[in-house]
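To start, the structure under review is shown below, and the notes come after it.
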Amino acid sequence: MAKTNIENPADSTAAGAKLCTHCNTRPARTGQSYCRDCHKNSMRQYRANRNLEFSRLNNALDQLTRNNTQTRRKFAETVGTDRWVIVTSEAGDQFHDFSGYVMGFLPCDQISILDEHGRMVNVPLKQVVADVNRWYPEDDATGAEAAAERIKLFRGSANQVSCR
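Under numbering that gives the first Met the number 0, the sequence shown has 19 at position 20, and the numbering climbs by one with no breaks.
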């Protein structure tokens, strides 16, 4: 096969070289259908679209697992910006009052909290209040009993709360 002259496309087309299918002005690379510039531009666009799709999927994963924007806004409105919170228990809960640090915001107004024993607990937003004094329930006598009882309860359950 004859060697193509890239500087002068008219000469290379006369020799039987195939033209680029995208721009139809320059000769295509050997064994390819695009010229060098069109290939470079198409690959740049492909990589940009791939990176955009990757970041979109990462954002969707964050929204579903640990950083839900709607729950974060509701938390900021009701509790504030401080992540130290007290979780209050309601009748029928498998835990007693405890304090902890908010680690994530889940869908359906659920919050993931790291308690004082290092366990992750998912609780509804309505059971969370700000911990302005860094109060630990174990500091008083009834809180110490509640903490001992909560340790027993945590060992027997996964403590996952479903969306309703």
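Ideal placement from N, C-alpha and C gives every residue a C-beta, glycine not left out.
None of these values were measured; they are calculated from a predicted model.
Option in the options with minimal Cα separation from residue i
i, options, result
"residue 88", "23, 123 and 49", "123"
"residue 69", "25, 118, 106 and 116", "106"
"residue 93", "101, 121 and 125", "121"
"residue 111", "103, 117 and 77", "103"
"residue 100", "32, 91 and 74", "74"
"residue 77", "125, 34 and 60", "125"
"residue 32", "39, 51 and 21", "21"
"residue 84", "131, 45 and 118", "131"
"residue 113", "36, 65 and 49", "65"
"residue 86", "23, 98 and 34", "98"
"residue 81", "23, 26 and 129", "129"
Delimiting residues of the alpha helix (DSSP H) encompassing residue i
i, result
"residue 69", "68–77"
"residue 53", "35–64"
Residue i (DSSP reduced to helix, strand or coil)
i, result
"residue 126", "helix"
"residue 98", "strand"
"residue 121", "strand"
"residue 204", "A question about residue 204 goes unanswered here, because the residues of the chain that appear run from 0 up to 163."
Assigned exposure category for residue i - 16 Cβ within 10 Å defines buried
i, result
"residue 19", "buried"
"residue 47", "exposed"
"residue 16", "buried"
Where the beta strand (DSSP E) containing residue i begins and where it ends
i, result
"residue 111", "109–114"
"residue 84", "83–86"
The ligand COA heavy atom lying under 7 angstroms from the CB of residue i
i, result
"residue 108", "You won't find the ligand COA in this model; it holds no ligand whatsoever."
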